[in-house]
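In what follows, a structure is listed as structure tokens, so that the remarks can point back to it.
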Amino acid sequence: MLEELRIHVARRLGLAPQEVFAGQPLSTVLVTSPTALNSIDLLDAFAGAMADVGVEEDVELPTMTLDHTAEDVVAALAEQLAPSS
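Note that the working numbering gives residue 61 to position 71 of the sequence shown, counting from 1, and the numbers run on in steps of one.
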């Protein structure tokens, strides 16, 4: 499911998954994306991807800065989806 989420985020940003999830900060992804103009567009890409894979009701987007990576966001979402011990 997380791989599907990555694919949908990248598609919504108009980039290949490896361009979004290569470990660069979100600020670099924002500059590289032909469709995202600001941080709200990044949030929208993640929120839309969450809806695409059907987890929008199960998790909340984490608060992160543009210094974080897209993988940081996915890891925070995965943590929310992990069963509680």
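Here a beta-carbon is modelled for each residue, glycine too, at the ideal position from N, C-alpha and C.
Coil, strand or helix - residue i by DSSP
i, result
"P73", "coil"
"P7", "helix"
"T55", "coil"
"V49", "coil"
"A26", "coil"
Anticipated Cβ contact below 8 Å, residue i with residue j, distance rounded
i, j, result
"D42", "H(-2)", "4 Å"
"E9", "A0", "7 Å"
N-terminal and C-terminal residue of the alpha helix (DSSP H) that residue i is part of
i, result
"V21", "L16 to T22"
"L32", "S29 to V43"
Beta carbon proximity, residue i to chain C, threshold 7 Å
i, result
"Q8", "You won't find chain C in this structure, because it holds only one protein chain."
Count Cβ pairs between the segment 5 to 24 and the segment 49 to 57 that sit closer than 8 Å; are there 3 or more?
yes
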